[in-house]
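K.L.:
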Amino acid sequence: MDGNFSGNFDSEFFSIMFRADRKGRMMKRLDHKETMTFFTIFLSFNLFTICSKNEPSCEIVPVNFVKSTQVFDSLSTFQTVLGDLDRDGDLDLVFSINGPDGCRVLFNDGKGYFTESDQRLTDQGHGVGIGDLDRDGDLDMLMTCAGYDHLSKIYFNEGQGKFTDSQQDLGDFQLSGNAVFLHDMDGDGDLDGLIDYYQKDNIIYLNDGKGRFSDSGKRYPDNSSSMDLDSDGDVDIFTCDMGKGYRTLLNDGRGNFLDHWSYPDTSLVRCFRGFGDIDHDGDIDVIVTNGNRRQSHPTKILFNDGTGTFVEGEQTLSPVFAGRVGVGDVNQDGHQDIVLTSYRRPNEIWLNNGNGEFLKTLELENNGAFHTALLEDIDSDGDLDLIIANYSGGSNEIWFNRKK
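Heads up: take any position in the sequence shown, counting from 1, add 23, and you land on our numbering.
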């Protein structure tokens with residue numbers, strides 16, 4: 024598709040509409056007259072409305088994305104992150120590349136055009152996280168490797184986006200790190216690292232405050248990520264147990280994580296997560312995909328009650344194959360929207376009506392196989408743009424958010 028607002032909805036879409044509370048627990052079928060009235064409003068104003076009884080106005084504002092003319096090399100980019108690496112006020116790029124050519128650092132000109140630096144970081148790059156690890160005011164990097172014969176790397180920023188290898192040994196030479204989450208796990212004021220290792224227990228590495236990391240000795244389930252789930256100011260863990268379901272482990276404030284909630288889902292084959300306040304009630308909800316390259320199940324929205332206990336919403340989103348999730352307010356209406364990617368299928372943008380209900384409004388072409396989605400303001404114009412990083416079969420892409 025060309026990135027314009029799409030009216031290609033399911034055939035039954037205008038005969039069945041949802042009326043729901045913010046947790047998605049009530050449904051009502053509209054009659055023919057109500058449906059046609061709604062359809063007329065949609066055509067007249069080019070917007071979509073799904074409102075609860077207590078919400079008089081919850082219009083969905085259309086969004087439009089235009090692909091950047093910049094073309095990147097086709098490299099096996101497993102993950103990408105954005106941050107102001109050279110401290111010039113705009114967001115720069117890191118491509119974590121699983122291949123022999125090394126991971127890349129690219130600098131932004133402020134308008135969303137990137138120039139590649141001459142740096143070649145570790146090869147076999149996989150998960151990556153950026154943050155001020157040594158507390159000197161600039162962004163450093165922790166990058167894992169996928170080759171089972173490469174150590175994770177901790178790079179210190181010299182101040183202008185020039186990275187040096189700290190030569191640290193985390194002891195994970197025989198592990199493959201899928202993802203990195205940098206948070207203050209133990210409440211001492213510096214950034215620690217939770218590394219999600221492939222088919223192995225996750226490990227928390229504690230920071231001494233100067234960017235030197237040590238194994239905490241604590242192990243947590245594979246396929247975990249960290250976020251403040253109970254709104255108490257410390258970081259908790261959300262995990263997907265393949266073939267079992269979902270769990271949360273809450274932080275006691277000192278870096279000890281205790282089982283809190285679990286939810287069975289024996290269909291779970293592979294899970295990727297997105298976090299955001301979907302229903303606008305002040306806590307963090309979770310969007311979870313469930314699929315690998317061969318099979319998939321509908322994407323679920325799990326609503327948080329504020330304590331780290333979750334309830335599954337009535338609405339499900341598209342089944343995606345090995346799909347990732349991006350979360351952010353793409354149409355600037357104050358509500359968190361969702362981007363879903365899928366193996367060899369179009370990327371989808373779902374807009375939030377403000378009650379935690381979504382309409383798929385846009386599909387973007389997929390020029391590759393595996394890909395991740397990242398929403399940030401790349402061109403410094405105040406709205407969220409989209410980076411699609413392709414792992415195989417295509418180049419990385421930037422899609423600029425353009426108002427209708």
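Where is the CB? At the ideal position from N, CA and C, for every residue including glycine.
Could you say which of Ser-189, Leu-387, Leu-229, Lys-267 lies nearest to Val-362 if we only look at CA atoms?
P.N.:
One-based indexing of the sequence shown puts residue 362 at position 339. Of the listed residues, the one whose Cα sits closest to Val-362 is Leu-387.
K.L.:
Below 8 Å, can you find three or more Cβ-Cβ pairs linking the region 143 to 160 to the region 122 to 132?
P.N.:
Touching, per the Cβ criterion.
K.L.:
Smallest Cα separation from Val-350: which of Phe-88, Trp-373, Glu-337?
P.N.:
Your numbering for residue 350 matches position 327 in the sequence shown. It is Trp-373.
K.L.:
Can you tell me which of the three DSSP states Arg-235 falls into?
P.N.:
Numbered from 1 along the sequence shown, position 212 holds the residue referred to as residue 235. Reduced to three states, the DSSP call for Arg-235 is coil.
K.L.:
Can you check the region 179 to 216 for any beta strand (DSSP E) of at least 3 residues that lies completely inside it and give the ranges in chain order?
P.N.:
Entirely contained in the region 179 to 216, the beta strand (DSSP E) runs reaching 3 residues are, in chain order, 186 to 188, 200 to 206.
K.L.:
Kindly indicate which three-state DSSP category Lys-426 falls into: helix, strand or coil?
P.N.:
As a first step, residue 426 is located in the sequence shown; it is residue number 403 there, counting from the start. Correct three-state label for Lys-426: coil.
K.L.:
Please report how far the alpha carbon of Arg-347 lies from the alpha carbon of Asp-308, in whole angstroms.
P.N.:
Numbered from its first residue, the sequence shown carries residue 347 at position 324. Numbered from its first residue, the sequence shown carries residue 308 at position 285. Roughly 16 Å separates the two Cα atoms.
K.L.:
Would you tell me roughly how many angstroms separate the C-alpha atoms of Ile-262 and Val-292, rounded to the nearest one?
P.N.:
Position 239 of the sequence shown, counted from the first residue, corresponds to residue 262. Position 269 of the sequence shown, counted from the first residue, corresponds to residue 292. At residue 262 the sequence reads Thr, which differs from the Ile that was named. Looking at the two C-alpha atoms, the distance is approximately 13 Å.
K.L.:
In or out: Asp-96 buried (at least 16 other Cβ within 10 Å) or exposed?
P.N.:
Looking up residue 96 in the sequence shown gives position 73. Burial call: exposed.
K.L.:
Here's the rule: buried if 16 or more other CB atoms are within 10 angstroms of the residue's CB, otherwise exposed. What is Tyr-171?
P.N.:
Here the question's residue 171 lines up with position 148 in the sequence shown. The residue in question, Tyr-171, is exposed, as its Cβ has fewer than 16 Cβ neighbours within 10 Å.
K.L.:
Using DSSP bridges, identify the partner residues of Gly-152.
P.N.:
As a position in the sequence shown, residue 152 is number 129, starting the count at 1. According to DSSP, Gly-152 bridges with Leu-165.
K.L.:
Going straight from the alpha carbon of Ile-301 to that of Thr-330, what length do you get?
P.N.:
On the sequence shown, residue 301 is found 278 positions in, with the first residue counted as 1. On the sequence shown, residue 330 is found 307 positions in, with the first residue counted as 1. Distance between the alpha carbons of Ile-301 and Thr-330 is about 16 Å.
K.L.:
Please report the straight-line C-alpha distance between Asp-157 and Asp-111, rounded to a whole angstrom.
P.N.:
Position 134 of the sequence shown, counted from the start, is the residue given in the question as residue 157. Position 88 of the sequence shown, counted from the start, is the residue given in the question as residue 111. Taking the straight line joining both Cα atoms gives about 20 Å.
K.L.:
Quick one: Cα of Ile-218 to Cα of Asn-225, how far?
P.N.:
To locate residue 218, count along the sequence shown from 1; it is residue 195. To locate residue 225, count along the sequence shown from 1; it is residue 202. Those two C-alpha atoms are separated by around 6 Å.
K.L.:
What residue does the beta strand (DSSP E) around Ala-429 start on, and which one ends it?
P.N.:
Here the chain covers residues 24 to 427 and nothing more, so residue 429 does not appear.
K.L.:
Looking at the secondary structure, which residues open and close the beta strand (DSSP E) in which Arg-439 lies?
P.N.:
Nothing can be reported for residue 439: it is not among the residues displayed for the chain, which extend from 24 to 427.
K.L.:
On the criterion of 16 or more Cβ atoms from any shown chain inside 10 Å, does Lys-46 qualify as buried, or is it exposed?
P.N.:
Locating residue 46 in the sequence shown gives position 23, counting from the first residue. Confidence is the limiting factor: at Lys-46 the pLDDT is only 39, short of 50, which leaves the residue's position unreliable and the question unanswerable from this model.
K.L.:
Given a threshold of 16 other Cβ atoms within 10 Å of its Cβ, counted over all protein chains shown, does Thr-138 qualify as buried or as exposed?
P.N.:
Numbered from its first residue, the sequence shown carries residue 138 at position 115. With fewer than 16 other Cβ atoms within 10 Å, it is exposed.
K.L.:
Mind checking who Thr-138 pairs with in its DSSP beta bridge?
P.N.:
On the sequence shown, residue 138 is found 115 positions in, with the first residue counted as 1. Note: Thr-138 sits in a beta bridge opposite Phe-130.
K.L.:
Give me the residue from Gly-200, Ala-412, Tyr-178, Gln-197 with the minimum Cα distance to Gln-190.
P.N.:
As a first step, residue 190 is located in the sequence shown; it is residue number 167 there, counting from the start. Closest by alpha carbon: Tyr-178.
K.L.:
Residues bridged to Phe-101 by DSSP?
P.N.:
In the sequence shown, counting from the first residue as 1, residue 101 sits at position 78. Bridge partners of Phe-101: none, in fact.
K.L.:
Indicate whether Gly-102 and Ser-119 have their beta-carbon atoms separated by less than 8 Å.
P.N.:
Residue mapping note: residue 102 aligns to position 79 of the sequence shown, counting from 1. Residue mapping note: residue 119 aligns to position 96 of the sequence shown, counting from 1. First, the amino acid is wrong: residue 102 is Gln here, not Gly. Cβ atoms of Gln-102 and Ser-119: closer than 8 Å.
K.L.:
Inspect the beta-carbon positions of Ser-415 and Ser-199 and report whether they are closer than 8 Å.
P.N.:
Counting from one through the sequence shown, the residue named residue 415 turns up at place 392. Counting from one through the sequence shown, the residue named residue 199 turns up at place 176. In this structure, Ser-199 does not lie closer than 8 Å to Ser-415 by Cβ.
K.L.:
Output the distance between the C-alpha atoms of Phe-130 and Ala-169, rounded to the nearest integer angstrom.
P.N.:
Looking up residue 130 in the sequence shown gives position 107. Looking up residue 169 in the sequence shown gives position 146. If I take the Cα positions, the gap works out to 25 Å.
K.L.:
Give me, in chain order, the residues of the same chain whose beta-carbon lies closer than 8 Å to that of Lys-134; leave out the 5 immediate sequence neighbours on both sides.
P.N.:
Position 111 of the sequence shown, counted from the first residue, corresponds to residue 134. Cβ within range, chain order: Asp-402, Ser-403.
K.L.:
Which ranges would you report for the beta strand (DSSP E) in the region 294 to 345 if only whole runs of at least 3 residues count?
P.N.:
Counting only runs of 3 or more, we get 296 to 299, 308 to 314, 319 to 327, 333 to 342.
K.L.:
Helix, strand or coil for Glu-371? Go by DSSP, reduced to three states.
P.N.:
Counting from 1 along the sequence shown, the entry for residue 371 is found at position 348. Reduced to three states, the DSSP call for Glu-371 is strand.
K.L.:
What residues match up with Glu-420 in a beta bridge as DSSP calls it?
P.N.:
The residue you call residue 420 lines up with position 397 of the sequence shown. The partner list for Glu-420 (beta bridge, DSSP) reads Ile-411.
K.L.:
According to the neighbour-count rule (16 or more other Cβ atoms, all chains shown, within 10 Å of its Cβ), is Arg-296 buried or exposed?
P.N.:
The residue you call residue 296 lines up with position 273 of the sequence shown. By the neighbour-count rule (16 or more Cβ atoms within 10 Å), Arg-296 is buried.
K.L.:
Could you pull the start and end residues of the beta strand (DSSP E) that Thr-395 belongs to?
P.N.:
Position 372 of the sequence shown, counting from 1, holds the residue named residue 395. It spans 394 to 399 - the beta strand (DSSP E) in which Thr-395 sits, taken as one unbroken run.
K.L.:
Helix, strand or coil: how does DSSP classify Met-250 here?
P.N.:
Position 227 of the sequence shown holds residue 250. Strand, per DSSP.
K.L.:
Alpha carbon to alpha carbon, what distance is there between Pro-321 and Gly-234?
P.N.:
Numbered from 1 along the sequence shown, position 211 holds the residue referred to as residue 234. Numbered from 1 along the sequence shown, position 298 holds the residue referred to as residue 321. Cα-Cα distance, rounded: 40 Å.
K.L.:
Tell me which residue opens and which closes the beta strand (DSSP E) that Asp-245 is part of.
P.N.:
Against the sequence shown, residue 245 aligns to sequence position 222. Premise fails: Asp-245 is in no beta strand (DSSP E) and is neither H nor E.
K.L.:
Assuming contact is defined by CB atoms lying nearer than 8 Å, are Gly-240 and Val-203 in contact in what I supplied?
P.N.:
Residue numbering aside, residue 240 sits at position 217 when the sequence shown is read from its first letter. Residue numbering aside, residue 203 sits at position 180 when the sequence shown is read from its first letter. In this structure, Val-203 does not lie closer than 8 Å to Gly-240 by Cβ.
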